[in-house]
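What follows is a short report on a single structure.
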Amino acid sequence: MKELQYLNKYFIKYKYHFLLGIVITVISQIFSLFTPKLISSSIASIENYVRHAQNADAAMVKTDLIHNTLLIIGTTVVSGFFLFITRQTLIVMSRHIEFDLKNEVFRHYEVLTQNFYKQNRTGDLMNRISEDVGKVRMYVGPAVMYSLQTFIRFFIVIGYMLDVSPQLTLYTLLPLPILSYAIFKLSTEINKRSTVFQQYLSKVSSFTQEIFSGIRVIKAYSLEDQHQQNMVDLSHESKTKSMSLAKVQALFGPLMIALIGVSNLVVIYVGGVMYIDGRIESIGVIAEFILYVNMLTWPVASLGWVSSMVQEAEASQKRINEFLKIEPEIVNHNPSHKDIQGQIAFENVSFTYDDTNITALRNVSFTIQKGQTLAILGKTGSGKSTVLSLIGRLYDVKEGAVKIDGTEISQVNLYDLRNSIGMVPQDAFLFSDSIKNNIKFGKEDATDDEVIEAAKKAVVHENIVNFAMQYETVLGERGITLSGGQKQRVSIARAIIKDPEILLLDDCLSAVDTETEEAILNNLLDFCKDKTTIIVSHRVSSAKNADQIIILDQGRILQQGSHNQLVNQDGYYKDLYLKQLSEKELL
């Protein structure tokens, strides 16, 4: 139960639901216990009539039976009504807790850094926020409710039983210690097998999510049969673990029924002997005890189910806690707000990725003033995208310093910083939503005119209006409906509509032709005149109008200067310029 202690804060939050549920449960159980007493009284009346048939008044006995029958119906209806209210308090409380816990997990996912997502698969993350939280809800809802009902019913029923016959009560309850021991042993085993099963369930979720995301590649390489077999193997392992868990859980039902049956036999035999010996006054007492024992059947049987739910919830909450205990590496150190102007400075920055131990930048220094444009060129893996990641503070610098408006970036309000940045990543990601909403992602309250204007600047408006639904066209997962170039241009429109102080373009024109690239860059010249812009590219055409150009090679600055300066120097930039110029002439 150690892991489940994390949920105590939610029980405190919804304490009124919880306390009201307890009170109503007590009332419901009290009304349900009138039935055995009334049945015992009815049998005693009949028994008394049979014994004293000559002197007994049959009409009075019938009146008593009708009276007791009406009371049984009335108390049963009242008990059922309060049971309904119990569910409306405790089960509704569990839904509130499920809602809060899912949101807490999701918020925590959002603040965790890039390294976390590199080390964990999407399917596993989804499984913990859906399947695992669902298991936890069963604990805070049905498990808590049935535990309360069981405890309260046991307390009240055994009190009634002791009041009628302490000796018969003792014999009736003898099987319970055996039941408790069996529950303890089975619960321990369920906890172990449930943990293993949840782990395999995460593997299946991760595998299927990855396959569905990459289905085009799988079809292109005709690997359906191979991945189908992989899925069969993984599903078989998951089924084996599930069946192993189900076999243990299946022992609960028969065990509970057997022990309750033994208790009934004990009541009939011992009660019968006590009646013959005159130690109990009426056969109605035996009937009353049988009803009490059967009233305990569901609570006793539910102990197994509840114990199973608690063990599964413990295993699931442990998996959830593993993520919730991870501290985000990027923390907002400065809660005060300040407008970002856009000056950026790198001072002897070196950076190594923790997960791969690859050094992406080595002693890099440069300064960009507000309104200036910096272009970064270099071979694949030279550290270009890392520069943009550090400006967005997706990672923290350990060597050197990155400064925004003269302030160490870690001391700048994190949310102000990111709100001031418009980022167009190399791999354009679009959501399964309309094109309009994908563009408005950069500015949620944007008007339709602003959306169209941004699309025109990104030179994608003409493509959009050719779709049947135009801007209302709903894209497939990850924007699969659009071509690579169209996705990049919609991403650019999303950044433009945000109107940021800092615009970061990470090789976002690689999938468009040179003519379209030229049109987009010309549109951006006017748009970016008062913004700090950094363009990462492999093309000289994207960099030639920049105020400053940096050539990176293996994390080091190989060349630095303007287009005119670099094109007149022997080196990487001049060679690239001449090569791309000749290719353009050939076209």
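Residues in the sequence shown are numbered consecutively from 1, following UniProt numbering. For every residue, glycine included, the Cβ atom is placed at its ideal position computed from N, Cα and C. Keep in mind it's a predicted model, so treat the numbers as computed, not measured.
From the options, residue whose alpha carbon lies closest to that of residue i
{"i": "residue 375", "options": "41, 345, 542, 39", "result": "542"}
{"i": "residue 501", "options": "78, 380, 16, 372", "result": "372"}
{"i": "residue 538", "options": "508, 259, 547, 4", "result": "508"}
{"i": "residue 499", "options": "10, 439, 147, 470", "result": "439"}
{"i": "residue 464", "options": "446, 147, 333, 489", "result": "489"}
{"i": "residue 384", "options": "449, 426, 261, 528", "result": "426"}
{"i": "residue 369", "options": "531, 309, 467, 521", "result": "531"}
{"i": "residue 472", "options": "433, 486, 453, 43", "result": "433"}
{"i": "residue 413", "options": "333, 62, 66, 229", "result": "333"}
{"i": "residue 190", "options": "175, 240, 248, 209", "result": "248"}
{"i": "residue 581", "options": "72, 540, 84, 308", "result": "540"}
{"i": "residue 367", "options": "353, 378, 342, 379", "result": "342"}
{"i": "residue 69", "options": "86, 39, 85", "result": "39"}
{"i": "residue 126", "options": "76, 202, 322, 88", "result": "202"}
{"i": "residue 526", "options": "536, 24, 546, 510", "result": "546"}
{"i": "residue 505", "options": "495, 514, 512", "result": "495"}
{"i": "residue 469", "options": "435, 455, 443", "result": "435"}
{"i": "residue 401", "options": "437, 348, 377", "result": "348"}
{"i": "residue 242", "options": "192, 175, 321", "result": "192"}
{"i": "residue 407", "options": "346, 378, 386", "result": "346"}
{"i": "residue 308", "options": "497, 365, 185, 8", "result": "185"}
{"i": "residue 172", "options": "196, 453, 150, 268", "result": "268"}
Cβ neighbour criterion (16 or more within 10 Å) applied to residue i
{"i": "residue 484", "result": "exposed"}
{"i": "residue 491", "result": "buried"}
{"i": "residue 212", "result": "exposed"}
{"i": "residue 461", "result": "buried"}
{"i": "residue 130", "result": "exposed"}
{"i": "residue 145", "result": "buried"}
{"i": "residue 178", "result": "exposed"}
{"i": "residue 573", "result": "buried"}
{"i": "residue 246", "result": "exposed"}
{"i": "residue 95", "result": "exposed"}
{"i": "residue 141", "result": "buried"}
{"i": "residue 578", "result": "exposed"}
{"i": "residue 344", "result": "buried"}
{"i": "residue 585", "result": "Confidence in residue 585 is poor, its pLDDT being 49 and thus under 50, which makes the residue's placement unreliable; the coordinate value appears in the next sentence. Exposed is the call here."}
{"i": "residue 587", "result": "Because the pLDDT of residue 587 is 45, which lies under 50, any placement of that residue in the model is unreliable, and the question is left without a value."}
{"i": "residue 449", "result": "exposed"}
{"i": "residue 168", "result": "buried"}
{"i": "residue 288", "result": "buried"}
{"i": "residue 380", "result": "exposed"}
{"i": "residue 73", "result": "exposed"}
{"i": "residue 286", "result": "buried"}
{"i": "residue 240", "result": "exposed"}
{"i": "residue 25", "result": "buried"}
{"i": "residue 10", "result": "buried"}
{"i": "residue 457", "result": "buried"}
{"i": "residue 493", "result": "buried"}
{"i": "residue 222", "result": "exposed"}
{"i": "residue 60", "result": "exposed"}
{"i": "residue 447", "result": "exposed"}
{"i": "residue 549", "result": "buried"}
Rounded distance between the beta-carbons of residue j and residue i, thought under 8 Å
{"i": "residue 328", "j": "residue 113", "result": "6 Å"}
{"i": "residue 194", "j": "residue 315", "result": "5 Å"}
{"i": "residue 90", "j": "residue 133", "result": "About 18 Å; that fails the 8 Å criterion."}
{"i": "residue 106", "j": "residue 31", "result": "No, residue 106 and residue 31 are not in contact; Cβ-Cβ is about 42 Å, not under 8 Å."}
{"i": "residue 397", "j": "residue 143", "result": "Their Cβ separation, rounded to whole angstroms, is 48 Å, which puts residue 397 and residue 143 out of contact at 8 Å."}
{"i": "residue 3", "j": "residue 135", "result": "Not a contact, Cβ separation roughly 12 Å."}
{"i": "residue 200", "j": "residue 238", "result": "4 Å"}
{"i": "residue 274", "j": "residue 280", "result": "5 Å"}
{"i": "residue 42", "j": "residue 64", "result": "7 Å"}
{"i": "residue 296", "j": "residue 157", "result": "6 Å"}
{"i": "residue 363", "j": "residue 350", "result": "6 Å"}
Min CB distance residue i to chain C below 8 Å
{"i": "residue 402", "result": "Here chain C cannot be found, since the structure has a single protein chain."}
- Query: Can you list the alpha helix (DSSP H) stretches of 4 or more residues lying completely in the segment 545-586, in chain order?
  - Reply: DSSP runs (the alpha helix (DSSP H)) wholly in the segment 545-586: 563-567, 572-586.
### Query
Which runs of the alpha helix (DSSP H) spanning at least 4 residues fall entirely within the segment 280-337, listed in chain order?
Within the segment 280-337, the runs of alpha helix (DSSP H) at least 4 residues long that lie entirely inside it are, in chain order, 283-295, 297-324.
Subject >> Cβ contact (3+ pairs, closer than 8 Å) linking the segment 119-129 and the segment 329-346 >> reply: Contact between the segment 119-129 and the segment 329-346 is absent: fewer than 3 CB-CB pairs across the two stretches fall below 8 Å.
**Validate contact between the segment 164-179 and the segment 273-293 using beta carbons, cut 8 Å, 3 pairs** = Between the segment 164-179 and the segment 273-293, the count of Cβ pairs shorter than 8 Å is three or higher; the stretches touch.
Touch test, the segment 392-399 against the segment 407-425, Cβ-Cβ under 8 Å, three pairs minimum = The segment 392-399 vs the segment 407-425: in contact.
| said: List, from N- to C-terminal side, the alpha helix (DSSP H) runs of 4 residues or more that fit wholly inside the segment 131-200. | reply: The qualifying runs are 133-138, 144-164, 166-172.
_Measuring CB atoms only, is the segment 255-270 touching the segment 13-23, in the sense that at least three cross pairs come out at less than 8 Å?_
In short, these stretches do not touch, since the Cβ pair count stays below three.
Touching or not, the segment 551-568 and the segment 351-365, by the rule of three or more beta carbon pairs under 8 Å?
Three or more pairs of CB atoms, one per stretch, sit closer than 8 Å, so the segment 551-568 contacts the segment 351-365.
### Message
Give the list of continuous beta strand (DSSP E) stretches no shorter than 3 residues that lie fully inside the segment 498-522.
### Response
Correct list: 502-506.
Exercise for review: Please go through the segment 341-394 and give each complete beta strand (DSSP E) segment of 3 or more residues, from N-terminal end onward.
Suggested key: With a minimum length of 3 residues, the continuous beta strand (DSSP E) runs that stay inside the segment 341-394 are 344-352, 359-368, 373-378.
TODO: Go through the segment 392-430 residue by residue and report every complete run of the beta strand (DSSP E) that reaches 3 residues or more, in order.
DONE: Contiguous beta strand (DSSP E) elements confined to the segment 392-430 occur at 399-404, 421-424, taking only those with 3 or more residues.
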